Structure formats: structure tokens, C-alpha cells
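Participant: This is the structure I have questions about; it appears just below.
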Amino acid sequence: MNQNHREAMADVRDMYMAHSALRREFSLLPQLVRDVTPGDTRRAEVVGAHAEMLCHILHLHHEGEDLLLWPLLLERGGAQATAIVPTMEAQHHAIEDAHAAVVALLPQWRRTGRDGEQLADALEQLRSALIEHMALEEKEILPLAERHVTAREWMRLGEHGMSKSSKKQLPLAFGLAMYEGDPAVVKAVLAHAPLPARLLMPIIAPRLFANHARRVHGTATPPRIGATAN
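Here the sequence shown stands for residues 7 to 236, where the numbers follow the working numbering.
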């Protein structure tokens, strides 16, 4: 990107916020599954639905990067991008394989509440691959994006996920991200939203997440893992 370009460049702080939420929830998931009493289908459905939502969010998150971010960085980022983007793509493939294993096991476990250890192990593999990937992305990719991706182009990543998510799920997903989010970053993300969303989301989203967290985690304040977890 031409350094004299006057268009605002990407504010990548929202990616750190999203990563914090993914780190937290995917780190807590394996034990949530293991804690379900075998045969407790009611509890398995609660945890399983939560896992399915997270897997959907993760898939859209990475799909947006594959379609919209990597091509821009390869076009504009020079040798730095050429050196790191193929690693990002390979990690995405590994994560998608682990993701597919989880998604394949989820339906039967949700119905029966049995053989949860196999699902928990698959979630551990997904978590491990995801944590490694996000740490490298924060170190190598986000600084590149700040220099080579415009704010308008960066916004398309979020728009991609929203366009493929149900309107019912979006406030909960936002509350999930807001839980450890910097209020200034939340405000910046909402600055481009329609006025009703700017006014209501800071109120509705945290309440939805608190209620959801009580059902899933047994508390409205699950452990905060944050952006520096490993």
C-alpha cells in the first residue's frame, strides 16, 4: 500500500478481541464436555449447542481471512507476506481438519451424552492448533495488516461473518467478544453500525452472554483467558 495513501488504515484491535473470546471458549470446552455425566442428554445438548455455535463462528472467521485478507497481503505485503501467508494457510487447513473432526462427533454426543472423551480429545486438538495459529497471526499478520489493508477493506472481514450468521445469534456472538473486550475497541467496532445497534448492543449483548454463560459455564463470569494465553 502506498504510504502516501490518505485512506484510513485497518484498526486491528477488534481481531485481538475476537481472539480472546476464541481462546477462552475453546480452552474451556474440553472440560465442559468431560464434566457431562454420561447419558445426561439435557446437559449434552446445552454444551453441544454452545460448541456448535463456536465452531460456526470460527469457520466464518477463518473463511473471511482466506477469501479477503490473504490475497490483499500477498498483493501488497512484499517478502514479509510471501514468507508468512503460506504458513497461515497451512495452519488454517490443519484447524479445519480438527474442526471437521469435532463437527463429525458433535451430533451423536448431543443426542446421547455418551463417548464424550473422544469429543473432548478432538476439542483439545482443535484448541491446540488454534492457540498456536492465533499467536503467530498476532505476531506476524496483524502488523502487516495495519500497514497494507485499509479500514474499509478490514471491515469486510466482519461483514463476511455477519452476512453468514443468523440475526438471532449475532448479539450473543458480540456479547461473547465483548466479555473481555476493551470498551474503546467495542465502541470503535460499533461506530460503523446503524444507530439502533450502537445504542442497544452494549446493553443487550452482555446480558445475552451472561445468561448464556450461566447455562453453559454455571456462572455469568467464566474465567478470563485473554489475549496473552498460551
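The beta-carbon is built from N, C-alpha and C at its ideal position, and this holds for glycine as well. This structure is a prediction, so every number in the text was calculated from the model and none was measured.
List the residues that DSSP assigns as beta-bridge partners of residue 15.
Facilitator: In DSSP, residue 15 forms a bridge with 156.
Participant: What does a CB cutoff of less than 6 Å around residue 91 pick up in its chain, not counting 5 residues either side in sequence?
Facilitator: The residues are 76, 79 and 80.
Participant: Looking at the structure shown, is residue 63 part of a helix, part of a strand, or coil, going by DSSP?
Facilitator: Helix.
Participant: In or out: residue 231 buried (at least 16 other Cβ within 10 Å) or exposed?
Facilitator: Buried, since its Cβ has 16 or more Cβ neighbours within 10 Å.
Participant: Starting from residue 133 and walking both ways along the alpha helix (DSSP H), at which residues does that stretch end?
Facilitator: First-last of the alpha helix (DSSP H) with residue 133: 122-142.
Participant: Determine the direct distance from the alpha carbon of residue 106 to that of residue 148, and round the result to whole angstroms.
Facilitator: Approximately 26 Å between the Cα atoms of the pair.
Participant: According to the Cβ coordinates, are residue 195 and residue 72 closer than 8 Å?
Facilitator: Cβ distance not < 8 Å, so residue 195 and residue 72 don't count as in contact.
Participant: Taking DSSP as the reference, what is the three-state secondary structure of residue 227?
Facilitator: Here residue 227 sits in coil by DSSP.
Participant: Whose C-alpha, out of 175, 151, 150 and 128, is nearest the C-alpha of residue 37?
Facilitator: When only C-alpha atoms are compared, the closest one is 128.
Participant: DSSP on residue 216, reduced to helix/strand/coil?
Facilitator: Residue 216 falls in the helix class under three-state DSSP.
Participant: List the whole-angstrom C-beta distance separating residue 26 from residue 133, where the pair is believed to meet the contact cut-off of C-beta under 8 Å.
Facilitator: About 14 Å; that fails the 8 Å criterion.
Participant: Looking at the structure shown, is residue 52 part of a helix, part of a strand, or coil, going by DSSP?
Facilitator: Correct three-state label for residue 52: helix.
Participant: Whose C-alpha, out of 93, 52 and 12, is nearest the C-alpha of residue 218?
Facilitator: It is 52 whose Cα lies nearest to the Cα of residue 218.
Participant: Helix, strand or coil: which one does DSSP assign to residue 200?
Facilitator: In the structure shown, residue 200 sits in coil (DSSP, three-state: anything other than H, G, I, E or B).
Participant: I'd like the ranges of any alpha helix (DSSP H) spanning at least 4 consecutive residues and lying wholly in the stretch 84-119.
Facilitator: Here the runs fully enclosed are 84-118.
Participant: Tell me whether residue 99 is buried or exposed, calling it buried when 16 or more other Cβ atoms sit within 10 Å of its Cβ.
Facilitator: With fewer than 16 Cβ atoms within 10 Å of its Cβ, residue 99 is classed as exposed.
Participant: Using 8 Å as the cut-off, can you tell me whether the stretch 202-213 makes contact with the stretch 181-194, which would need three or more C-beta pairs spanning the two stretches below that distance?
Facilitator: Cβ pair count under 8 Å is three or more, so yes.
Participant: Excluding the 5 residues flanking residue 130 on each side, which residues of the same chain have their C-beta closer than 6 Å to its C-beta?
Facilitator: Result list for residue 130: 36, in chain order.
Participant: For residue 22 versus residue 144, is the C-beta spacing smaller than 8 Å?
Facilitator: Against a cut-off of 8 Å, the Cβ pair of residue 144 and residue 22 comes out as a contact.
Participant: With burial defined as no fewer than 16 other Cβ atoms inside 10 Å of the residue's Cβ, what is the status of residue 111: buried or exposed?
Facilitator: Looking at its Cβ environment, which holds 16 or more other Cβ atoms inside 10 Å, residue 111 is buried.
Participant: Kindly indicate which three-state DSSP category residue 20 falls into: helix, strand or coil?
Facilitator: Of the three classes helix, strand and coil, the one that applies to residue 20 here is helix, per DSSP.
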